[in-house]
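The structure appears right after this line, and notes come after that.
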Amino acid sequence: MSSANWFSRLKRQFRHCQNRKSRLRGQRKRQHRSPAAAVLVVPIVIETLEDRTMLTALLSVDDVTASENETFTFQISLDQAAAEDVTVRVNTVTDTASDNDFTFLRDKLVTIPAGELATQVTVHVHDDESLEADETFSLVLSDPRLGGESLLSELDIADATGQGTILNDDWLPGSVFTITSEKIVEGDSDGQLLKFTITRTGSDLNFDTSVNFSTIDGTAVAGKDYTAKSEVIDFAASTYMTSQTVVVSINVQGDSLQELSETVIGRISNPTGGSVLKGNVSSLDATGIIANDDSDFNFQDSYSADPAHANHTGDAVGSAVAIDGDVMVVGASNNKLGEYNSGAAYIYVRNQQGTPLDQTDDTWDYQTFLKSPIPQEQTYFGSSVAIYG
């Protein structure tokens, strides 16, 4: 091949290579300039969930409204149950009411058991005959504790004060009747009187009025334990009085039977002349108590050791006494049981006669006695006694 032909062929190859590179560069440029493929952009929403287990449990107390002589029941609540017992102290605080208007509470500890949401606290409001405005007092929460620990990050008080509103019921029009009773000792024969007091109050008593009174058997039986009575009680008009009282006496038929204390109910109803009963109810009751005074235990007798267990020579019965609930131990030292001054201890159990609320008929029933097994080493046995366990 000649030199001219070889050179000409080399130039054509060089131009072909350049053209190919140019086409590749053009393609890359076109690709670079061409619109990009569509891309879907999805926003990511991150939701923050509240960890309820770490929230502070909150205590609150509600408000209560009721009439005089009613029980006010306050509810103490949690907004969420706790895994441990919740305790809080409550105190009553006088507002327009005074200490005499309700039963005062001081640092009373109340508990909401684990897993529960509420508990209740009761405050008894006293009755009166005063013509007065409605009154208020407060129940205040303090010292919240979770499982015995003060953890304000886990337990706190949202509403610490509950208001009690005492609705006065002595502003009723006309006059108002009430009834009260008493407790007497039965006696062994007729002649004891059980009295019921009926009271009329009002700002204007200048009109005649009446109310019915009757007795109703409680545990006592009419004709056997007392004489029944039913009558109309009249009250005359008064231009100056704001209170009038009538006492109704019931004859009690005493006896010497060993029995439980008994009750008689006195009831008033049907007020006339524009009068009403306390609380504007249809009838009012009062319970009179006839206390039994007959028992196999005589409280007036001197008390000495039982002759079956001691000879009473120089005894000191009762010099040591221990009582725990319904058990009594009486020491009786120096009873001369044999040649040693070894005494005894006598065990008694209380008999409530079926009336746990009335202790006037209780007796102590003898059970057994204790004495020293070695009197020569335990002189003056029974000179000191105690009850454990």
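Each residue of the sequence shown is one higher than the last, beginning at 1 in the UniProt record's numbering. Heads up, the beta-carbon is just placed ideally off N, CA and C, and yes, glycines get one too. Values in this document were obtained by computation on a predicted structure and should not be read as measured data.
A contact is defined here as three or more CB-CB pairs under 8 Å, and the region 200–212 fails this definition with respect to the region 144–162.
Secondary structure at lysine 229: coil, using DSSP grouped into helix, strand and coil. Sorting Ala114, Ile179 and Pro373 by C-alpha distance to the C-alpha of alanine 344 places Pro373 at the top. When DSSP states are grouped into helix, strand and coil, asparagine 280 belongs to the helix group.
Partner residues in the beta bridge of methionine 328, as assigned by DSSP, are Ile323 and Tyr348. For leucine 146, same chain residues with a beta-carbon under 7 Å away, outside a window of 5 residues either side, are Ala82, Glu84, Val86, Glu154 and Leu155 in chain order. The closest CA to that of aspartate 107, considering only Ser67, Asn270, Val90 and Ala97, is found on Val90. Straight-line measurement puts the Cα of serine 238 at about 56 Å from the Cα of aspartate 324.
Between the region 66–75 and the region 103–117 there are fewer than three C-beta pairs closer than 8 Å, too few to call the two in contact. Scanning its chain for C-beta atoms nearer than 6 Å, with the 5 sequence neighbours on each side dropped, one finds around threonine 178 the residues Thr199 and Lys278, in chain order. For asparagine 251, the enclosing beta strand (DSSP E) starts and ends at 243–253. Along the length of the region 198–222, whole alpha helix (DSSP H) runs at least 4 residues long do not occur. Spatial neighbours of threonine 263 in its own chain (CB-CB distance under 8 Å, excluding positions within 5 residues in sequence) are listed in chain order as Gly218, Thr219, Ala220, Thr287, Gly288, Ile289 and Ile290. Rounded to the nearest whole angstrom, the CA to CA distance from serine 383 to tyrosine 366 is 19 Å. Between alanine 57 and leucine 78, the C-beta gap is smaller than 7 Å, which places the two residues in contact.
Assigned with DSSP and collapsed to three states, aspartate 101 falls in helix. Contact annotation: valine 93 and serine 138 have beta-carbon atoms nearer than 7 Å. The distance from the Cβ of valine 247 to that of glutamine 192 is about 15 Å, inconsistent with a contact at the 8 Å cut-off. By the neighbour-count criterion, in which 16 or more other beta carbons inside 10 Å mark a residue as buried, glutamate 68 falls on the buried side. Close CB contacts of lysine 371 within its chain, under the 6 Å cut and outside five residues either way in sequence, are with Ala344 (chain order). Taking C-beta atoms as the reference points, leucine 141 and valine 232 fail to come closer than 7 Å.
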